[in-house]
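Residue numbers (my numbering): 12 to 520.
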């Protein structure tokens with residue numbers, strides 16, 4: 012039996028790490044929200060599949076099923092239209108209240124749900140106790156404790172997902188909303204066309220009450236039914252003195268707070284290590300100088316000190332040794348001077364000149380990966396938002412621009428996470444100004460060629476970072492110019508981003 016599993020969850024909850032662990036894939040993992048911007052598919056590894064043909068689809072990280080961002084549209088369309096056999100909802104056990112908001116929406120879609128309580132290994136360390144059995148009973152779906160990073164609980168998770176998929180039984184929790192809202196939902200369900208399956212009617216009824224534009228556009232109601240829905244919406248908005256979407260959101264969180272209050276015990280709230288670090292690195296005054304110091308240190312180590320040592324060793328020992336060996340071999344077979352010069356000095360010498368910069372690039376990207384994985388880079392997006400706004404960009408542009416330091420193409424692809432069209436176009440147009448991996452050898456070479464000895468210090472220690480920041484300056488200047496043209500005009504969207512906890516970088520990620 013072929014089984015399709017949809018892997019859903021909030022951004023930065025470990026979904027892609029879980030996907031890689033289940034399928035043996037090597038999708039990009041980063042410690043910031045929005046790493047996955049499109050769905051990806053893979054087969055569950057044979058040991059975990061136990062003879063079943065299981066396909067897992069890694070959906071973009073989303074906070075809800077409201078179609079505000081491209082990620083939410085992709086995830087929602089897949090769940091509703093592709094009809095997966097079961098949804099594995101990854102819930103961050105350390106931030107359970109916020110994560111359960113999406114869970115309550117997924118349960119209403121009519122697709123069986125299995126909750127993976129991820130990062131369970133961190134819960135005890137933070138003094139959090141979760142009554143998993145009671146939580147499962149209240150939500151009406153099975154819960155498996157897992158750790159995607161340490162790959163624990165994954166076999167039990169797949170076993171439970173297969174079991175639930177075969178049963179094809181959808182269990183809704185008790186009443187989520189207040190009595191008046193639940194009554195309105197029940198009445199709207201009866202107005203929906205027969206083309207909508209019974210399992211999905213509750214979800215569509217809620218969305219009609221919220222006046223969800225895509226649902227209203229795609230599912231046609233009769234004039235009388237539409238009037239009845241509008242009447243229910245108007246009465247509820249007048250009673251609660253709020254718009255319908257806010258009412259539904261508030262009701263969901265009240266329900267979540269109620270069940271979390273009876274199933275989760277936390278120690279007295281205190282500042283975490285991440286909070287203490289953030290008070291310094293995201294400080295309005297210290298944030299940018301710290302970023303400049305960090306980047307200068309990274310370039311100093313990768314280009315001037317360790318990088319230079321490894322590059323010199325590569326050029327003077329490794330490349331020279333190959334040239335000597337090949338030259339001796341060519342002389343032994345009687346090759347002419349022209350052939351020897353072409354092979355030894357032309358081909359090997361040319362490749363060696365490029366190869367010499369590989370260690371510097373490797374060291375540079377190693378440090379950038381460490382900064383990303385520990386959670387520092389996403390803080391820079393927050394810090395840079397204040398600066399970027401003066402140039403017509405938002406902090407959300409920082410992540411695509413950062414990815415462009417490796418290669419411009421994935422940086423452009425990452426801009427899909429930016430909601431507003433004009434902001435997205437502006438980021439795409441400016442991303443290629445960032446010095447990428449192909450430009451770094453040129454930067455390193457120019458830093459070494461231009462540099463001389465000044466007061467006992469090599470100028471390349473600051474020339475290379477200076478050239479990097481000139482690239483960033485080019486982005487800002489281009490943004491100012493482009494922002495004055497019609498396709499890019501408009502105010503940048505408000506920047507809201509989750510700051511993940513700092514953690515020690517892992518070799519796997």
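C-beta atoms are modelled at their ideal positions from N, C-alpha and C, and glycine is treated no differently.
Check: Out of curiosity, what's the CA-to-CA distance linking residue 388 and residue 293?
Finding: Straight-line spacing of the CA atoms in residue 388 and residue 293 works out to 11 Å.
Notebook entry, point to check: How about residue 32 and residue 165: are their beta carbons less than 8 Å apart?
Noted result: Cβ atoms of residue 32 and residue 165: closer than 8 Å.
Check: Roughly how many angstroms lie between the CA atoms of residue 145 and residue 275, to the nearest whole one?
Finding: Take the alpha-carbon of residue 145 and the one of residue 275: they are about 10 Å apart.
Check: Given that a residue counts as buried once 16 or more other Cβ atoms are within 10 Å of its Cβ, and exposed if not, what is residue 214?
Finding: Result: buried.
Margin query: When you compare the CB positions of residue 75 and residue 82, do they come within less than 8 Å of one another, or not?
Written below: No, the pair does not count as a contact, with Cβ atoms beyond the cut-off.
Checklist line | Closest Cα partner of residue 34 within the set 55, 15, 16 | finding: The shortest CA-to-CA distance from residue 34 to any of 55, 15, 16 is the one to 55.
Checklist line | Any beta strand (DSSP E) of 3 or more consecutive residues that is wholly inside the segment 360-426 | finding: Complete beta strand (DSSP E) runs here, min 3: none at all.
Next item on the list: Measure from the alpha carbon of residue 78 to the alpha carbon of each residue in 96, 330, 218, then state which is nearest.
Entry: Considering only alpha carbons, the answer is 218.
Check: Would the beta-carbon of residue 357 fall within 8 Å of that of residue 322?
Finding: 8 Å or more divides the Cβ of residue 357 from the Cβ of residue 322.
Next item on the list: Note down the Cα distance separating residue 204 from residue 230, rounded to an integer number of angstroms.
Entry: When rounded, the separation of the alpha-carbon atoms in residue 204 and residue 230 is 8 Å.
Note to self: For residue 563 and residue 309, what's the separation of their Cα atoms in angstroms?
What the structure shows: Nothing about residue 563 can be reported from this structure: the residues present for the chain run from 12 to 520 only.
Check: Around the Cβ of residue 263, are there at least 16 other Cβ atoms within 10 angstroms (buried) or fewer (exposed)?
Finding: Flag for residue 263 reads buried.
Checklist line | residue 16 versus 117, 30, 95, residue with shortest Cα-Cα distance | finding: Per the Cα distances, 95.
Checklist line | Sub-8 Å separation of residue 393 and residue 306 beta-carbons | finding: No. Outside cutoff.
Note to self: If we require 4 or more residues per run, which alpha helix (DSSP H) segments fall completely within the segment 306-335?
What the structure shows: DSSP runs (the alpha helix (DSSP H)) wholly in the segment 306-335: 317-324.
Checklist line | Contained beta strand (DSSP E) runs [length at least 3] in the segment 106-151, N- to C-terminal order | finding: Taking only runs of at least 3 residues, the beta strand (DSSP E) segments lying wholly in the segment 106-151 are 124-129, 139-141.
Next item on the list: Go ahead and pull the three-state DSSP assignment for residue 28.
Entry: DSSP, read as helix, strand or coil, puts residue 28 in helix.
Next item on the list: List the residues that DSSP assigns as beta-bridge partners of residue 276.
Entry: BP columns for residue 276 point to 140.
Checklist line | residue 118, buried or exposed, once every other Cβ within 10 Å from all chains shown has been counted against 16 | finding: Around the beta carbon of residue 118, 16 or more other beta carbons lie within 10 angstroms, which makes this residue buried.
Checklist line | Burial state of residue 97, where buried means 16 or more other Cβ atoms lie within 10 Å | finding: Buried.
Next item on the list: Please name the residue, chosen from 173, 499, 147, 425, that lies closest to residue 414 on a Cα-to-Cα basis.
Entry: The shortest C-alpha separation from residue 414 is found at 425.
Check: Based on the DSSP output, what are the partners of residue 168 in its beta bridges?
Finding: According to DSSP, which records beta bridges pairwise, residue 168 is partnered with nothing at all.
Next item on the list: Would you mind sorting residue 420 into buried or exposed? The rule is 16 or more other CB atoms within 10 Å of its CB.
Entry: Label assigned to residue 420: exposed.
Margin query: Residues in the same chain with beta-carbon distance under 6 Å from residue 182, minus the five sequence neighbours each way, listed in chain order, please.
Written below: Within the same chain, residue 182 has close Cβ partners 151.
Check: By how many angstroms is the C-alpha of residue 396 removed from the C-alpha of residue 514?
Finding: For residue 514 and residue 396, the gap between their C-alpha atoms comes out near 23 Å.
Item checked: Sub-8 Å separation of residue 114 and residue 266 beta-carbons -> Cβ distance not < 8 Å, so residue 114 and residue 266 don't count as in contact.
Check: Is the Cβ-Cβ distance between residue 408 and residue 434 less than 8 Å?
Finding: Taking a C-beta distance under 8 Å as the contact criterion, residue 408 and residue 434 qualify as a contact pair.
Next item on the list: For residue 191, name the three-state secondary structure that DSSP assigns.
Entry: In this structure, residue 191 counts as helix in the three-state DSSP scheme.
Notebook entry, point to check: Under 8 Å, do residue 282 and residue 240 count as touching if we go by C-beta distance?
Noted result: No, these two residues do not count as a Cβ contact at 8 Å.
Check: To the nearest angstrom, how far is it from the Cα of residue 238 to the Cα of residue 209?
Finding: Straight-line measurement puts the Cα of residue 209 at about 22 Å from the Cα of residue 238.
Next item on the list: Alpha carbon to alpha carbon, how far is residue 489 from residue 453? Give it in angstroms, no decimals.
Entry: Between the alpha carbons of residue 453 and residue 489 lies a gap of roughly 22 Å.
Notebook entry, point to check: Can residue 268 and residue 108 be called in contact, C-beta distance under 8 Å?
Noted result: At a Cβ-Cβ threshold of 8 Å, residue 268 and residue 108 count as neighbours.
Note to self: In this structure, how does DSSP classify residue 80 when only helix, strand and coil are distinguished?
What the structure shows: Correct three-state label for residue 80: coil.
Margin query: Here's the rule: buried if 16 or more other CB atoms are within 10 angstroms of the residue's CB, otherwise exposed. What is residue 524?
Written below: This structure leaves residue 524 out entirely; the chain is present only between 12 and 520.
Item checked: For residue 438, the first and last residue of its enclosing alpha helix (DSSP H) -> Counting along the chain, residue 438 sits inside the alpha helix (DSSP H) bounded by residues 432-442.
Note to self: Taking 7 Å as the limit between beta carbons, can you name the residues of its chain near residue 156, skipping five residues before and five after?
What the structure shows: The residues are 128, 131, 143, 164.
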